[in-house]
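Novice: Numbering (the numbering used here), first residue to last: 20 to 1191.
Got a structure here, written out as structure tokens. Questions coming.
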């Protein structure tokens, strides 16, 4: 619907000598339509397409530009002729000078959101003022419009923000409720503000405008021509315009703007080169900023998180904006969500961030300003934090009425006093999200750790020149892990810790970390938010921290330093354990393969188990028994799995309930925050609480399903997790929650509370509420007794109480009785025709008691929800224990599912302690890779036998000297499967010690204390380390930390340097591992001289990946290599590198030249050997 696409010519306006007008979405281009006679008009750039001729696909039948109208066909012919002419000739086509529309200037243009017509332009040059053809939607001619002047002109308004505007959470300024706190500037306080002088012209705080959607741009575009014009995206039209019109210098942060065009006001509305007001401030420009202590940016102690705001500038600001600048000066690195009435508003640089990152819209004014309603805080803050920003929630901590009282108590209140107080209540980052009722829901169940690290040099420790103190906090669960460890010069344990925990945010003391540790944080945690803190003031030392914890009783009664977790222990895990080595995601990893857990807390526990497998054979066997027990009860396991799917993330819900139930600190500003959506938040709290109760009821059902089978289970772990505490034999861990759940079911009306957001406790549950009700009933009884007594005294049965509120309980007596006799203690309060009303001292005392009881009842109801959650949280230990037991069950069910549904034979691993004076060993028969079920060519995965550290019973070679060799040299052709075999061995060891069945026919091993890997080739470009240096660094860590019980996987060590140097280093490393450390080692290599050196060593065994060679001859192009992917004894004679070159499509002539060169190298090497 609308006007057809019409070929047009871009050229300067005949009177203003410009072809561009407006900014952002209101940007328009001046065109002349190819027609007879020609017409012209201003056309929105939003509907611009480059004209490519009438023979292009879009202009043919069925295309976007196709039209059967003869006038459009003639216009396309004219455009085809024009496009073949040089730009100078095209200028002569611009002949239309008649006004095609009312051109009363900028005012008329600012009121119109979009033109009816649409056009497109091609490249124009600013110097020669040339024109190109463009294709757009033609507007009616001037004569047509004049003929229909009395008809209302139709306008096409593009709904670029239709999705957002239809949302109930989107900011709708024109629909907001009036409030003294809701002016658009956030600074004027309505009727309670004192009269203010006209703001200074240079001040960024202007008089408030009426809220209206607008899209001001920061700069004028002048007459600079676009490089190309194209249609822009629907959501953010300014993005496409900016990317196509390269001449326009609109900053990146102004990508998303509203439909208002010039109507929204702002810098672009004047058509001159202007900036946002905050961009004009000299002291805010980069290079001229100072921190709160007035240090310059070049100062080594400069704090980039603070800002010095000049006093003279603050004095010119309105009161509300002055407070914003004061808070912004304290946290320059955060985006302030500044509460104004029922809205959170963003000002200046924060507004620019909100528009560019959150899709908000600028509001009218020359200073950047945007916002959204309070109820949408969770959605917008979560989106901003996900992008790596800090979000600071600034709340009003007093109402206008409270402000009036405060001002009356002040001797001479100034205009800066007559503004409601606002304080920062919360700073949210990636690592500090607690997912409270104001926050959004978590996107996943993973832990997002906040890590703090402290480094200490210790040159006296041999091999461990540094020590680290670390703390990991999961704010959403309310748990922290504290520890310290020594590390080598390559920071091997620190690297392992970061890989296992993968923190979302890192804090460290500024100037403390070594260059090596700093490089590791930057290289390994590219997505994490990293922040250096000032020593002493922000990053406390040990004594100050302990003193603060002791003074504030942080751990509470009965807790202390002994309650802290043990020191974090490092274990180097192999590649592909938690993440895919190629993409970095969980896809294709062992975690993804094993993770069939139904609950978020089960998934977190499985990840922990994978990072720290068991080393005790008895504990491993017990887990395997548990897996077998569950495999033997498929019906019950299926029913339990279905039930677990209905269980929410109870760990996070318990933490949330704990936070709500904890008595608020009067010193914390969040306890004073004025929220306008309290009913909504109350409903959310109650819904979470009821969801939690439902989850624990599911636990009870699970115990009922598995209870009859618990007695037949072999696993002690499973029995303890599913047996109630106190049940024989008395070692059950699961708490009896039935009585507690029944108590909470009867505590209040769940449905009524869910829909009303108010909890009214039933009798006997809340002592304070019950006492207030009892006092009210007692007072009512006393009043009734007093009334009966007065009726007898006056001899009139019609005497009754009258009144409301504080005037209640007046004795209403007929005048005939009152005139005859009234006791002296009666005090006349009011009269009515035929009646008189009296009070007595007794009534006044009882009314005071009634009012006191009613006030206590209201207070109890108001605080009832918090006290209810507090009482629930008193039993936190039992609730958490139940969650931990079900988490163990969920993980064991996941392992049982994998053990039953593997691709091929699955076996129970046998883990045994090594015999005295015997070597550690690893024996795998018919083993397969747990994450790979098909080969590269689509065939089934080939199983392999692998024996390290003991003789092969099926081999005659088992009796020779290499039978007990702990080191295996692995050779084979390129792409033959060497690296896959090594990864497979490491993963199967992890699975065996995890307590899971492994994909093999049989698996026997002695416990492994650490798994070391040196697989693949990669550099650390961000750390300035080459591929070879990385290889040697990791090898150094292995040699320093490996023990007799470790498993070492080394893949082609030495390939990053010269052949002789690489061979020598590899030989020395093999000798050290095989003869001195004597750990289980798989060492792959293409150095055949290395294989020859160790072919007769009793500490080293040889093995290779087999392949079949057809037509083996001098010409490598005639050879056909078939990979068998089978690991057999002995050494591979060749690496067949030319076969890999042919598979990689290296040109044949290059392969032939390379083969000839290889023969020369071989001949030279043979001669050298003969000479020696």
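In this text, a Cβ means the ideal position worked out from N, Cα and C, and glycines have one as well.
Helix, strand or coil for residue 287 per DSSP?
Specialist: Taking the chain shown and counting its residues from 1, one reaches residue 287 at position 268. Residue placement at residue 287 is poorly supported in this model, since its pLDDT is 48, which falls under 50; the coordinates are not used for a value here.
Novice: Taking all protein chains shown into account, do 16 or more other C-beta atoms lie within 10 angstroms of the C-beta of residue 576, making it buried, or fewer, making it exposed?
Specialist: The residue labelled residue 576 in the question sits at position 557 within the chain shown. With a pLDDT of only 46 at residue 576, under 50, the local geometry of the prediction cannot be trusted, and the value read off the model is given with reservation. Answer is exposed; the Cβ neighbour count stays below 16.
Novice: Compute the Euclidean distance between the alpha carbons of residue 529 and residue 551, then round it to the nearest angstrom.
Specialist: Here residue 529 is taken as the residue at index 510 of the chain shown, counted from 1. Here residue 551 is taken as the residue at index 532 of the chain shown, counted from 1. Going from the Cα of residue 529 to the Cα of residue 551 covers about 5 Å.
Novice: Using 8 Å as the threshold, is the segment 923–932 in touch with the segment 1016–1028, meaning 3 or more CB pairs across them?
Specialist: Because the criterion of three Cβ pairs below 8 Å is met, the segment 923–932 and the segment 1016–1028 touch.
Novice: Based on DSSP bridge pairs, tell me the residues matched to residue 846.
Specialist: Taking the chain shown and counting its residues from 1, one reaches residue 846 at position 827. Paired residue(s): 858.
Novice: DSSP on residue 1108, reduced to helix/strand/coil?
Specialist: Counted from its first residue, the chain shown places residue 1108 at position 1089. Helix at residue 1108.
Novice: By DSSP, does residue 51 sit in helix, in strand, or in coil?
Specialist: Position 32 of the chain shown, counted from the start, is the residue given in the question as residue 51. Residue 51: strand per DSSP, three-state reduction.
Novice: Determine the DSSP secondary structure at residue 1144, reduced to helix, strand or coil.
Specialist: Translated into positions along the chain shown, residue 1144 becomes position 1125. In this structure, residue 1144 counts as strand in the three-state DSSP scheme.
Novice: Within the continuous beta strand (DSSP E) that includes residue 470, where are the two ends?
Specialist: In the chain shown, the residue the question calls residue 470 occupies position 451. Run containing residue 470: 469–476, per the beta strand (DSSP E) assignment.
Novice: Can you tell which of 756, 866, 469 and 509 has the C-alpha that lies nearest to the C-alpha of residue 544?
Specialist: The residue you call residue 544 lines up with position 525 of the chain shown. Per the Cα distances, 469.
Novice: Please report the straight-line C-alpha distance between residue 822 and residue 831, rounded to a whole angstrom.
Specialist: As a first step, residue 822 is located in the chain shown; it is residue number 803 there, counting from the start. As a first step, residue 831 is located in the chain shown; it is residue number 812 there, counting from the start. Roughly 9 Å separates the two Cα atoms.
Novice: If you scan the segment 20–106 from start to end, which runs of the alpha helix (DSSP H) of 4 or more residues do you find wholly inside it?
Specialist: Listed in chain order, they are 89–102.
Novice: Would you kindly report the start and end of the unbroken beta strand (DSSP E) that includes residue 419?
Specialist: Looking up residue 419 in the chain shown gives position 400. It is not in any beta strand (DSSP E) - residue 419 instead sits in the alpha helix (DSSP H) that spans 419–428.
Novice: CB-CB under 7 Å to residue 1053, same chain, minus the five flanking residues each way: which ones, in chain order?
Specialist: If you number the chain shown from 1, residue 1053 lands on position 1034. Excluding positions up to five away in sequence, the list reads 1033.
Novice: For residue 737, which residues of its own chain have a beta-carbon under 7 Å away from its beta-carbon, when the five flanking residues on both sides are left out?
Specialist: Counting from one through the chain shown, the residue named residue 737 turns up at place 718. Excluding residues within five positions, the ones whose Cβ falls inside 7 Å are 645, 648 and 911.
Novice: Mind checking which residues open and close the beta strand (DSSP E) that includes residue 454?
Specialist: Here residue 454 refers to the residue found at position 435 when the chain shown is read from its first residue. That residue, residue 454, is in no beta strand (DSSP E); it is neither H nor E in DSSP.
Novice: Terminal residues of the continuous beta strand (DSSP E) containing residue 833?
Specialist: Counting from 1 along the chain shown, the entry for residue 833 is found at position 814. Where residue 833 is concerned, the enclosing beta strand (DSSP E) stretches over 829–833.
Novice: Starting from residue 1102, follow the beta strand (DSSP E) in both directions and report where the run begins and ends.
Specialist: Reading the chain shown from its first residue, position 1083 is the one you call residue 1102. That run of the beta strand (DSSP E) goes 1099–1103.
Novice: What's the call for residue 1280, buried or exposed, on a 16-neighbour Cβ count within 10 Å?
Specialist: Because the chain spans 20 through 1191 in this model, residue 1280 falls outside it and cannot be assessed.
Novice: Have a look at residue 434 and residue 341 and give me their C-alpha separation to the nearest angstrom.
Specialist: Position 415 of the chain shown, counting from 1, holds the residue named residue 434. Position 322 of the chain shown, counting from 1, holds the residue named residue 341. Rounded to whole angstroms, residue 434 to residue 341 spans 11 Å at the Cα level.
Novice: Pick out whichever of 1112, 29, 334 and 861 has its Cα sitting closest to the Cα of residue 1082.
Specialist: For this step, residue 1082 is matched to residue 1063 along the chain shown. Closest option to residue 1082, Cα to Cα, is 1112.
Novice: I'd like the list of long-range same chain contacts for residue 634, defined as Cβ closer than 7 Å, with 5 residues on each side in sequence excluded.
Specialist: Position 615 of the chain shown, counted from the first residue, corresponds to residue 634. The answer, listed in chain order, is 1012, 1026 and 1028.
Novice: For residue 187, is the classification buried or exposed, using 16 other Cβ atoms within 10 angstroms of its Cβ as the cut-off for buried?
Specialist: Mapped onto the chain shown, residue 187 falls at position 168. Since pLDDT at residue 187 reaches only 37, below the 50 mark, its modelled position is unreliable, and no value is offered.
Novice: Residues in its own chain within less than 6 Å of residue 983 by CB, not counting five upstream and five downstream?
Specialist: As a position in the chain shown, residue 983 is number 964, starting the count at 1. These residues qualify, in order along the chain: 938.
Novice: What's the C-alpha gap between residue 446 and residue 934?
Specialist: As a first step, residue 446 is located in the chain shown; it is residue number 427 there, counting from the start. As a first step, residue 934 is located in the chain shown; it is residue number 915 there, counting from the start. In a straight line, the C-alpha of residue 446 is about 57 Å away from that of residue 934.
Novice: Just mark residue 388 as buried or exposed, buried being the case when its beta carbon has 16 or more other beta carbons within 10 Å.
Specialist: The count along the chain shown starts at 1 and reaches residue 388 at position 369. With 16 or more Cβ atoms within 10 Å of its Cβ, residue 388 is classed as buried.
Novice: Looking at residue 729: is its Cβ nearer than 7 Å to the Cβ of residue 666?
Specialist: Counting from one through the chain shown, the residue named residue 729 turns up at place 710. Counting from one through the chain shown, the residue named residue 666 turns up at place 647. No, these two residues do not count as a Cβ contact at 7 Å.
Novice: Taking only the alpha-carbon atoms, compute the straight-line gap between residue 319 and residue 311 and give it to the nearest angstrom.
Specialist: Taking the chain shown and counting its residues from 1, one reaches residue 319 at position 300. Taking the chain shown and counting its residues from 1, one reaches residue 311 at position 292. Using only the alpha carbons, I get a separation of about 14 Å.
Novice: If you run the structure through DSSP and keep just helix, strand and coil, what is residue 1215?
Specialist: Absent from the model: residue 1215. The displayed extent of the chain is 20 to 1191, so no value can be given.
Novice: Hey, residue 1008 and residue 1024 are a contact pair by Cβ (cut 8 Å); roughly how many whole angstroms apart?
Specialist: Taking the chain shown and counting its residues from 1, one reaches residue 1008 at position 989. Taking the chain shown and counting its residues from 1, one reaches residue 1024 at position 1005. Indeed they touch by this definition, with Cβ atoms about 7 Å apart.
Novice: To the nearest angstrom, how far is it from the Cα of residue 138 to the Cα of residue 62?
Specialist: The count along the chain shown starts at 1 and reaches residue 138 at position 119. The count along the chain shown starts at 1 and reaches residue 62 at position 43. Low confidence applies to residue 138: its pLDDT is 35, below 50, so where it sits in the model is not reliable, and the reading given next is rough at best. Going from the Cα of residue 138 to the Cα of residue 62 covers about 6 Å.
Novice: State whether the segment 657–664 contacts the segment 373–380, with contact taken as three or more CB pairs (one from each stretch) at a distance under 8 Å.
Specialist: Result no; under three Cβ-Cβ pairs closer than 8 Å.
Novice: Name the residue from 527, 1144, 1046 and 66 whose alpha carbon lies nearest to the alpha carbon of residue 960.
Specialist: Position 941 of the chain shown, counting from 1, holds the residue named residue 960. Comparing Cα-Cα distances from residue 960 to each of 527, 1144, 1046 and 66, the minimum goes to 1144.
Novice: I need the straight-line Cα distance from residue 504 to residue 338, nearest angstrom please.
Specialist: For this step, residue 504 is matched to residue 485 along the chain shown. For this step, residue 338 is matched to residue 319 along the chain shown. Those two C-alpha atoms are separated by around 52 Å.
Novice: Can you tell me whether residue 302 is buried or exposed, with buried defined as 16 or more other CB within 10 angstroms of its CB?
Specialist: For the purposes of this step, residue 302 is taken as the residue at position 283 of the chain shown. It counts as exposed.
Novice: Report the CB separation of residue 719 from residue 760 in whole angstroms; it is logged as a contact under 8 Å.
Specialist: Locating residue 719 in the chain shown gives position 700, where the first residue counts as 1. Locating residue 760 in the chain shown gives position 741, where the first residue counts as 1. With a Cβ gap of about 7 Å, residue 719 and residue 760 count as contacting.
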